[in-house]
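Q:
In the numbering used here, the protein residues as written are 27 to 457.
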């Protein structure tokens, strides 16, 4: 697809049906079209099967939302989420659809700041502002929002969000002891009951088992893709990988899995033929830290525009989402929920203390990816990740790994400063 052919589609009739602020949202497709053309379609030698994922962005505010509305009309609940701790399998087991919500744009933050404090996480403000301003079709389509207690800003914002859309809050323990697993399991049971109430359907062992298999297949496909990008030279850019990982939270799971595996087939062919997106000598950078919600492409674009390539993301929009599978051996709902709890407790969010497992995981992924430097990315006012960067820096010093900590938001105001720092970091890697 050429840049001229790409266009994010508009659907004012659909947006009107959703009760959106159509006049205000009408400029969004053009803005996203221009950004996507400049950031993504300007890349050279992209894999041909990226066309599907480009098409998902083209249909982001139209075709995919229409699919959700068709499902709702058929009685299937749509659940909006912000976090990888949501047990998607439970939603799917009762016929529901899990979809990520908007939270990666500067444009909605002024709406949120009319209510919320300015000095909190930009992702929380962005998401809340999208709902207040009625400028996110996904927020307008959902029947229920899944909230969690991974940070103070989130758990207090859910109280206000519940006034706008039904919001179920799941308590995420802050430690990983046996008593914490017991609490988490009870929360998973409560969420299952909530989904049964919303859907009017019972979560059966057969339904949960089928959903576990679907999600395991999706995670395996993403693991396969991430392993292939680690090849030197890489057959796919970091920006394209980031895009795919973001789309993972929006697309139909089975369809997404099939398309990722088709792309992996192509990447294997490219590797065998010696086709890459950058020379083998290109500096390789790994990114760790806070999530990068769609359409937050700022850091990856800066890194790759400066002549490096991103080869791994230790992030919720990254390996934390798909590195662990769920044991499929359980025969009862109680056993399945227990095994799901085991799987979700392996996610190394910075909300946990102690959290040395995350430092070990970052180092393991760094080595597996063939990276030559680590950039730790933190959204402003995300205190847990910001403080945990101290341990990552110490680990990098011990291991002789070039390290750069970046704290930023969604605005373009610091792009020049970040560009200078990133360019210097890449020169450090080059030696």
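For glycine and all other residues, C-beta sits at the position ideal for the given N, C-alpha and C. Note that this is a predicted model, so its numbers are computed, not measured.
Give every residue of the same chain whose Cβ lies closer than 8 Å to the Cβ of residue 63, excluding the five residues on either side of it in the sequence, and list them in chain order.
A: Only 29 and 32 meet the Cβ criterion.
Q: Inspect the beta-carbon positions of residue 340 and residue 387 and report whether they are closer than 8 Å.
A: Cβ distance < 8 Å, so residue 340 and residue 387 count as in contact.
Q: Looking at the secondary structure, which residues open and close the beta strand (DSSP E) in which residue 287 lies?
A: No beta strand (DSSP E) holds residue 287; the alpha helix (DSSP H) holding it covers 279–299.
Q: Would DSSP call residue 422 helix, strand or coil?
A: Helix, per DSSP.
Q: If you measure between the beta carbons of residue 73 and residue 321, is that distance less than 8 Å?
A: Cβ atoms of residue 73 and residue 321: not closer than 8 Å.
Q: Can you tell me which of the three DSSP states residue 431 falls into?
A: In the structure shown, residue 431 sits in a strand (DSSP, three-state: E or B).
Q: Any beta-carbon of chain D closer than 8 Å to the one on residue 154?
A: Absent from the structure is chain D; it holds one protein chain and no more.
Q: Using 8 Å as the Cβ pair cut-off and three pairs as the minimum, do the region 159–173 and the region 118–136 touch?
A: Contact between the region 159–173 and the region 118–136 is present, because at least three Cβ pairs lie under 8 Å.
Q: Suppose you measure from the CA of residue 221 to the CA of residue 440; what does that come to, to the nearest Å?
A: Taking the straight line from one Cα to the other gives about 42 Å.
Q: Apply the 10 Å Cβ neighbour rule to residue 413 and answer buried if 16 or more other Cβ atoms are within range, or exposed otherwise.
A: That one is exposed.
Q: By the 10 Å Cβ neighbour count, where 16 or more other Cβ atoms means buried, how is residue 53 classified, buried or exposed?
A: Exposed: under 16 other Cβ atoms inside 10 Å.
Q: Cα-Cα, which of 274, 98 and 178 is closest to residue 376?
A: Nearest C-alpha to residue 376: 178.
Q: Please state whether DSSP places residue 455 in a helix, a strand or coil.
A: The answer is helix: DSSP assigns residue 455 an H, G or I state.
Q: Between the Cα of residue 292 and the Cα atoms of 280, 324 and 255, which residue gives the shortest distance?
A: The shortest Cα separation from residue 292 among 280, 324 and 255 belongs to 255.
Q: Let me know the secondary structure DSSP gives residue 209 once reduced to three states.
A: Residue 209 falls in the helix class under three-state DSSP.
Q: Give me the Cβ distance between residue 110 and residue 373, rounded to the nearest whole Å; I'm assuming they're in contact under 8 Å.
A: That pair is a contact at about 6 Å.
Q: Label residue 253 either buried or exposed according to how many other C-beta atoms from any shown protein chain fall within 10 Å of its C-beta, with 16 as the threshold for buried.
A: Exposed.
Q: For residue 314, report the span of its beta strand (DSSP E) as first-last.
A: That run of the beta strand (DSSP E) goes 310–315.
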